[in-house]
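Asks:
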Amino acid sequence: MRDNSDSFEASRLGRKDHWDSVYDRELSNFAETGDIGEVWFGEDVAHKMVRWVVDNIDTGARILDVGCGNGHLLLELANEEYTQLVGTDYSAQAVELAKQVAQSQGFGVEFVEQDFLSPMDVARVAGAERFDVVLDKGTYDAICLKPTDADAVQVDQGAVHIYPVSVVNSLKDSGVFLITSCNWTEDELVARFADHLECIGRVKHRSFKFGGAVGQTVATVAFRKKQPDSKQ
Numbered sequence: 009m010r011d012n013s014d015s016f017e018a019s020r021l022g023r024k025d026h027w028d029s030v031y032d033r034e035l036s037n038f039a040e041t042g043d044i045g046e047v048w049f050g051e052d053v054a055h056k057m058v059r060w061v062v063d064n065i066d067t068g069a070r071i072l073d074v075g076c077g078n079g080h081l082l083l084e085l086a087n088e089e090y091t092q093l094v095g096t097d098y099s100a101q102a103v104e105l106a107k108q109v110a111q112s113q114g115f116g117v118e119f120v121e122q123d124f125l126s127p128m129d130v131a132r133v134a135g136a137e138r139f140d141v142v143l144d145k146g147t148y149d150a151i152c153l154k155p156t157d158a159d160a161v162q163v164d165q166g167a168v169h170i171y172p173v174s175v176v177n178s179l180k181d182s183g184v185f186l187i188t189s190c191n192w193t194e195d196e197l198v199a200r201f202a203d204h205l206e207c208i209g210r211v212k213h214r215s216f217k218f219g220g221a222v223g224q225t226v227a228t229v230a231f232r233k234k235q236p237d238s239k240q
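Numbering (the numbering used here), first residue to last: 9 to 240.
#1: Using 9 Å as the threshold, is the C-beta distance between residue 47 and residue 26 below it?
#2: Would you kindly work out how many angstroms separate the C-alpha atoms of residue 49 and residue 228, rounded to a whole number?
#3: Distance, Cα to Cα, residue 93 vs residue 78?
#4: So, is residue 194 buried or exposed, given that buried needs 16 or more other C-beta atoms within 10 angstroms?
#5: Could you have a look at residue 189 and say whether DSSP puts it in helix, strand or coil?
#6: Contact defined as beta carbons within less than 8 Å: I believe residue 286 pairs with residue 91. What is the distance between those atoms, to the nearest angstrom?
#7: Do residue 153 and residue 101 have their beta-carbon atoms positioned less than 9 Å apart in this structure?
#8: For the 8 Å Cβ check, are there 3 or more pairs between the stretch 109-117 and the stretch 135-142?
#9: In the DSSP assignment, the alpha helix (DSSP H) including residue 211 goes from what residue to what residue?
#10: What residue range is occupied by the uninterrupted alpha helix (DSSP H) comprising residue 228?
#11: Cβ atoms of residue 119 and residue 131: under 9 Å apart, would you say?
#12: Determine the burial state of residue 216: buried for a count of at least 16 other Cβ atoms within 10 Å of its Cβ, exposed for fewer.
#13: Suppose the cutoff is 7 Å on Cβ atoms and the five residues either side in sequence are ignored; what does the same chain contact list for residue 164 look like?
#14: Can you tell me whether residue 242 is helix, strand or coil according to DSSP?
#15: Name the one or two DSSP bridge partners that residue 184 has.
#16: Identify the continuous alpha helix (DSSP H) that holds residue 166 and give its terminal residues.
#17: With respect to the alpha helix (DSSP H) encompassing residue 119, which residues constitute its N-terminal and C-terminal limits?
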């Protein structure tokens, strides 16, 4: 099992200018055709995340979607009568797209810009109340591909290590973190967040068999924020 992100090279998928460009195009497409853009990992994965929330979290919970993109995940939750929903993204274009999509569907979900690697920005969005739930569908994957600078091939390990702290600082005591990844297995996610979060559940996706081994193309794991006296 990998114990760090050195097995990956940095990628444009970890760069803000790439996502600004992507959401520039999707904003134009939405204006022209009404197409909300890509649903990362597909609608089936998003549906399973929504079902986990519906089955485990009260509709009055305050929920944050980090790296919300077009806002699809939160709009699905709004359709399930969740009302305290906040989506953040470091791309202003993504935030604008999410706002426009939400307005077109008649939902009052809040979308704001946020640098999730900035402690001040994390505190600003979380507020004194913080969140009951933090959702991530692919954002940690992108951070694990973030270059140290524009031309680097090495991953910014500082960003990788800051991310779990930002999750913890966004959550209330005993708050829940639900993450979906295509780069990390369930066990790898559990290991990478073990210092701050304890695994409380896993969402099963379609499996495949190759060379006698069974695996999944994506992994979704639910965590609960550890209390100080539960840390080893």
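Backbone N, C-alpha and C define an ideal beta-carbon position, used for all residues, glycine too.
Remember, it's a predicted structure, so these values are computed and weren't measured experimentally.
Replies: The structure says:
#1: no
#2: If you take the alpha carbons of residue 49 and residue 228, they lie about 11 Å apart.
#3: 14 Å
#4: buried
#5: In this structure, DSSP gives residue 189 an extended state, which the three-state scheme calls strand.
#6: Any answer about residue 286 is impossible in this case: the structure gives the chain only from 9 up to 240.
#7: no
#8: no
#9: Per DSSP, residue 211 belongs to no alpha helix (DSSP H); it is in the beta strand (DSSP E), 205-211.
#10: For residue 228, there is no enclosing alpha helix (DSSP H); the residue is part of the beta strand (DSSP E) that begins and ends at 227-233.
#11: no
#12: Note that residue 216 scores 48 on pLDDT, short of 50, meaning its location in the model is unreliable; the coordinates nonetheless yield the value given after this. Exposed, since its Cβ has fewer than 16 Cβ neighbours within 10 Å.
#13: 154, 155 and 156
#14: This structure gives no information on residue 242, because the portion of the chain shown stretches from 9 to 240.
#15: 141 and 232
#16: 165-178
#17: That residue, residue 119, is in no alpha helix (DSSP H); its beta strand (DSSP E) goes 118-121.
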